[in-house]
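Note sheet for the following structure.
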Amino acid sequence: MHVNTTPHCSFRLISICLQLLILRCPLQWESVESSCFYFSRASLNWHDARDWCHAHQSQLLILTDDKDWDYMRSHVGHTFYWVGLTDEGGKWEWVNGTPYTIDHCAHIHLDGRLNDLHCSERLRFICPQELLQTSKR
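Under mature numbering (1 follows the signal peptide of the UniProt record, and there is no 0), read the sequence shown as residues -29 to -1, 1 to 108, first letter to last.
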């Protein structure tokens, strides 16, 4: 009697698709830690700048802490940029409704402080956004 002593192995090919999550900013947006910033080259009035940011799933910049202020002060150089601060409702508040205790709309001044200016003036603007999560196979 013949006994086969060679082990019989059966292998199954298992296809595993690993998804690599990539965090990235949209084109022409700058990556800073976990956020993206759009520094416009075009000048718009405050309302059009707000609408542009909104159309790109963002809002005008809201400065919430010293880290934000320091980064923006170092980045704006010699250009004025609109931020998401206005007193058109009779009191200063950020575009997300958070009150701010400071003419109608605010921009970052050359020295890094906020300055008020009539909303019809045309300035560059800054829109922030969280990093976008995309997948790559």
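Using N, Cα and C, we set each Cβ at its ideal position, and we do this for glycine too.
In this text the structure is predicted, and so the values were computed from the model without any measurement.
Sequence-distant residues of the same chain with beta carbon closer than 8 angstroms to residue i, five excluded per side
i, result
"residue 6", "99, 100, 101 and 102"
"residue 27", "-4, 9, 98 and 100"
Whole-angstrom C-beta distance between residue j and residue i, which should lie under 8 angstroms
i, j, result
"residue 9", "residue 17", "The Cβ separation is near 16 angstroms, so there is no contact."
"residue 3", "residue 31", "So it is not a contact: roughly 16 angstroms between Cβ atoms."
"residue 34", "residue 47", "Not a contact, Cβ separation roughly 12 angstroms."
Collapsed DSSP secondary structure at residue i in the structure displayed
i, result
"residue 65", "strand"
"residue 118", "Residue 118 is absent from the structure shown; the chain starts at -29 and stops at 108."
"residue 44", "helix"
"residue 7", "strand"
"residue 12", "coil"
"residue -5", "coil"
Neighbourhood of residue i by C-beta, 6 angstroms cutoff - its chain only, sequence neighbours within 5 removed
i, result
"residue 44", "83"
"residue 11", "95 and 96"
Proximal residues to residue i (C-beta, below 7 angstroms), its chain only, five neighbours per side dropped
i, result
"residue 15", "23, 93 and 96"
"residue 86", "77, 78 and 80"
"residue 62", "70"
"residue 42", "3"
"residue 50", "95"
Minimum Cβ-Cβ distance from residue i to chain B less than 8 angstroms
i, result
"residue 82", "Reference to chain B is not applicable here, since this structure consists of a single protein chain."
Outcome for residue i when other beta-carbon atoms lying within 10 angstroms are tallied against a minimum of 16
i, result
"residue 20", "buried"
"residue 56", "buried"
"residue 29", "buried"
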